[in-house]
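The structure appears right after this line, and notes come after that.
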Amino acid sequence: MSESVGFLLSKLAQEGNDLIQRHLAELGIKSRHYGVLAVLDHNGPLSQQAVG
Numbered sequence: 248m249s250e251s252v253g254f255l256l257s258k259l260a261q262e263g264n265d266l267i268q269r270h271l272a273e274l275g276i277k278s279r280h281y282g283v284l285a286v287l288d289h290n291g292p293l294s295q296q297a298v299g
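Take a look at the structure:
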């Protein structure tokens, strides 16, 4: 049973990731771009070095 739960959770995570990637693609960005935008939104203007 635990293997089935683990498998289902893995599939759910993959489906969720695919859904997010499709929505971001509609905006012309990828998840790494979203990550940078989220950091800038939270912290305000930062240098590239500060963003990481």
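Here the numbering used here runs 247 ahead of the position in the sequence shown, where the first position is 1. For every residue, glycine included, the Cβ atom is placed at its ideal position computed from N, Cα and C. Just so you know, these numbers come straight off a predicted model, no measurement behind them.
About 16 Å separates the beta carbons of Y281 and L293, which is beyond the 8 Å limit, so they are not a contact pair. About 7 Å separates the CB atoms of I267 and S278; that is less than 8 Å, so the two are in contact. Assignment of L274 by DSSP, reduced to helix, strand and coil, places it in the coil class.
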